[in-house]
Amino acid sequence: MPRAIDGTKRKDRRKKILDQAKGYYGRRSTNNRVAKDAVAKAGQYAYVGRKLRKRDFRQLWIARISAAVRAEGLNYSQFMHGLKQADIDLNRKALSNMAIEDKTAFSALVAQVKKTLA
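Quick note: the sequence shown uses our numbering, first residue 2, plus one each step.
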């Protein structure tokens, strides 16, 4: 019985890489050797991107809170300090959402913080 040289494992491994490289430009999507490097690099970028996304969203929430609080006559650091003093535990995502969607509740919160700071 002859020995099987091109088994399915080899073909499956190459097919998996080419499937991941689908949509890439030029030989990166068709040539296994080039696609393997492209997929590996894309994986590195994706890993880093997942870490950066958390940083970017926090930065966005802080900018939104800061803008909303400045309209009320405080700055961001004073507002956060006042929240801590008033024992109000709301994360930045919730505060940002409140500042955008429920302005009356947010201004009531700012008034409570101002009262605590005074």
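Even for Gly, the Cβ is constructed at its ideal location relative to N, Cα and C.
ask   = In terms of residue numbering, what span does the alpha helix (DSSP H) encompassing D103 cover?
value = On the sequence shown, residue 103 is found 102 positions in, with the first residue counted as 1. Segment: none, D103 is in no alpha helix (DSSP H) and carries neither H nor E.
Nearest-angstrom Cα separation, counted from T9 out to A22 = Counting from 1 along the sequence shown, the entry for residue 22 is found at position 21. Counting from 1 along the sequence shown, the entry for residue 9 is found at position 8. Taking the straight line joining both Cα atoms gives about 20 Å.
task = With K23 as the anchor, note down where its alpha helix (DSSP H) starts and where it stops.
result = For the purposes of this step, residue 23 is identified with residue 22 of the sequence shown, where counting begins at 1. Run containing K23: none; DSSP gives neither H nor E here.
request  = State buried or exposed for F58, treating a residue as buried only when at least 16 other CB atoms are found within 10 Å of its CB.
outcome  = Within the sequence shown, residue 58 is the residue found at index 57, counting from 1. The residue in question, F58, is exposed, as its Cβ has fewer than 16 Cβ neighbours within 10 Å.
ask   = Can H18 and V35 be called in contact, C-beta distance under 8 Å?
value = Counted from its first residue, the sequence shown places residue 18 at position 17. Counted from its first residue, the sequence shown places residue 35 at position 34. It is Ile, not His, that sits at residue 18 in the sequence shown. Cβ atoms of I18 and V35: not closer than 8 Å.
key: Beta-carbon contacts of Y77 that lie in its chain and below 7 Å, excluding the five residues immediately before and after   = Along the sequence shown, read from residue 1 onward, the residue named residue 77 stands at position 76. So the list reads I63, I66, S67, V70, once near-sequence residues are dropped.
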